[in-house]
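Asks:
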Amino acid sequence: MPQRELAGDVAAARPHLHALPGGEQAREGHVLIDMPERSAHEDPLRAGLRAATGEGEPAAGERPARARALWASAWPKLAAVALALALWELVVLSGWRPEYVLPGPRAVLGRLWADLLAGDIGVAAAITMKRALLGYAIALVAGVGLGLVLARVKVLRTAAGSLLTGLQTMPSVAWFPLAILLFQLSEAAILAVVVLGAAPSIAIGLLTSTDQVPPLLVRAGKVMGARGLSLYRHIIIPAALPGFVAGLKQGWAFAWRSLMAGELLVIIGHAPSIGVRLQFSRELSDAEGLLAWMIVVMLMGVLVDGLVFGVLERKIREGRGLTAEHA
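Take the sequence shown: its letter number 45 is residue 45 in UniProt numbering, and every next letter is one higher.
Below is the structure:
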């Protein structure tokens with residue numbers, strides 16, 4: 001316990017008398033008494049310092065608040081899933097199509113669980129995701145490079161801007177006859193269509209986002225000495241980041257759809273991807289398997305959007321001081 005020297009009657013303070021070092025007693029008129037430390041609840045100053053520095057136990061209401069926030073963000077999604085399953089079940093019960101053509105959610109989810117336990121979903125998802133990541137990485141490099149060149153060279157942008165828009169609006173399936181003619185039924189044919197589907201969207205997203213950078217910000221950067229690539233690196237790209245992320249997200253959507261179309265058309269026997277499983281289920285009239293694999297495609301798209309682009313968008317908002325309430 002801390003010891004403090006107080007003036008007063010030694011006899012009155014005798015119960016708290018301490019021996020001084022070396023066996024000496026307290027000086028006349030002074031004693032050393034024990035002063036018990038006050039707890040954080042008794043000492044407002046200490047409690048405030050601990051709260052400011054993040055020390056000590058979390059606040060009593062912090063965990064319930066986190067649980068409420070988690071539930072507030074989760075229940076609308078759970079309600080939407082429940083509503084979709086209920087509508088699906090109602091359509092099946094109406095007898096619109098026989099159950100061997102349109103099975104109910106219980107049978108499809110049971111088949112999905114069985115395929116998951118058997119490892120078929122893991123193998124197929126790994127093959128498909130490997131293709132998606134490789135194709136998207138190539139499209140990202142090509143799209144960013146093309147977008148930067150067109151943003152810097154106005155003549156090229158005037159000449160190729162409409163062509164780039166035409167490439168973006170062109171259906172991915174239309175590329176496959178040419179891709180198969182050039183690369184035969186191979187991985188290269190699938191990757192070529194994935195790149196052609198995603199790169200224009202990424203380039204246009206970069207161009208659009210850089211066009212929306214305030215000119216005053218660009219002039220301020222030039223006054224501070226930013227020129228050429230330095231201007232893009234430190235001023236334009238950071239300012240255009242929210243719009244650019246939206247372009248990246250759209251590019252991923254085009255890449256994913258192009259990949260699914262490619263796997264349905266380009267069947268590679270030694271690579272049982274998700275598209276191959278879908279095609280085999282259709283040929284075998286396996287409605288349960290077909291719907292189960294369609295759910296896998298949807299879930300993978302949702303996971304990538306939430307775990308990658310959702311997190312990236314949230315980090316950008318937080319870096320700009322935009323809270324969830326303002327988003």
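We treat Cβ as the ideally placed atom computed from N, Cα and C, and that holds for glycine. Everything numeric in this text was worked out from a predicted model, so none of it was measured.
Take every Cβ of the stretch 122–133, pair it with every Cβ of the stretch 259–275, and state whether three or more of those distances are shorter than 8 Å.
Replies: The stretch 122–133 is in contact with the stretch 259–275.
Asks: Since tryptophan 293 contacts leucine 278 with CB under 8 Å, what's their CB separation in whole angstroms?
Replies: 5 Å
Asks: Is alanine 132 closer than 7 Å to valine 195 when the C-beta atoms are compared?
Replies: no
Asks: Closest to tyrosine 136 by CA distance: which of Val155, Asp115, Val193, Asp120 is it?
Replies: Val193
Asks: One question on the structure: do glycine 247 and isoleucine 235 come within less than 7 Å of each other, judged by their Cβ atoms?
Replies: In this structure, isoleucine 235 does not lie closer than 7 Å to glycine 247 by Cβ.
Asks: At 4 residues or longer, and completely inside the stretch 119–166: list those alpha helix (DSSP H) runs for me, N to C.
Replies: 120–152
Asks: Using three-state DSSP, classify leucine 117 as helix, strand or coil.
Replies: helix
Asks: If you pair each beta-carbon of the stretch 238–252 with each one of the stretch 305–312, do three or more pairs fall below 8 Å?
Replies: yes
Asks: Which same chain residues end up closer than 7 Å to phenylalanine 244 when comparing Cβ atoms and leaving out the 5 residues on each side of it in sequence?
Replies: Gly205, Leu206, Ser209
Asks: Tell me which same chain residues have a C-beta within less than 6 Å of the C-beta of leucine 291, skipping the five on either side of it?
Replies: Val108
Asks: Under 8 Å by Cβ, that's how I've got valine 101 and alanine 287 pegged, so tell me the actual separation to the nearest angstrom.
Replies: 6 Å
Asks: I'd like the list of long-range same chain contacts for leucine 164, defined as Cβ closer than 7 Å, with 5 residues on each side in sequence excluded.
Replies: Pro200, Ala203, Ile204
Asks: Return the residue from the list Pro76, Leu191, Ser172, Pro242 that minimises the CA-CA distance to glycine 310.
Replies: Measuring from the Cα of glycine 310, the nearest candidate turns out to be Pro242.
Asks: For alanine 11, which residues from the same chain have a beta carbon less than 6 Å from its beta carbon, with the 5 sequence-adjacent residues on both sides left out?
Replies: The predicted model places alanine 11 with a pLDDT of 48, which falls under 50 and marks its position as unreliable; any figure quoted below should be read in that light. If we look at alanine 11 and ignore the five residues flanking it on each side, it has no Cβ neighbours.
Asks: Roughly how many angstroms lie between the CA atoms of valine 223 and aspartate 211, to the nearest whole one?
Replies: 20 Å
Asks: What residue range does the alpha helix (DSSP H) around phenylalanine 309 cover?
Replies: Phenylalanine 309 -> no alpha helix (DSSP H), and no H or E assigned at all.
Asks: If you count every other CB in all the chains shown that lies within 10 Å of the CB of glutamate 283, and 16 or more means buried, which is it?
Replies: exposed
Asks: Roughly how many whole angstroms lie between the Cα atoms of alanine 240 and glutamate 99?
Replies: 51 Å
Asks: Does DSSP classify tyrosine 100 as helix, strand or coil?
Replies: coil
Asks: When the distance is taken between beta carbons, is alanine 261 closer than 7 Å to valine 173?
Replies: yes
Asks: Go through its chain and collect everything with a Cβ distance to isoleucine 121's Cβ below 7 Å, but skip five positions before and after it.
Replies: Cβ neighbours of isoleucine 121 beyond the five flanking positions: Asp115, Val296.
Asks: Tell me the DSSP secondary structure of arginine 317 in three-state form.
Replies: Looking at arginine 317 - three-state DSSP - the assignment turns out to be helix.
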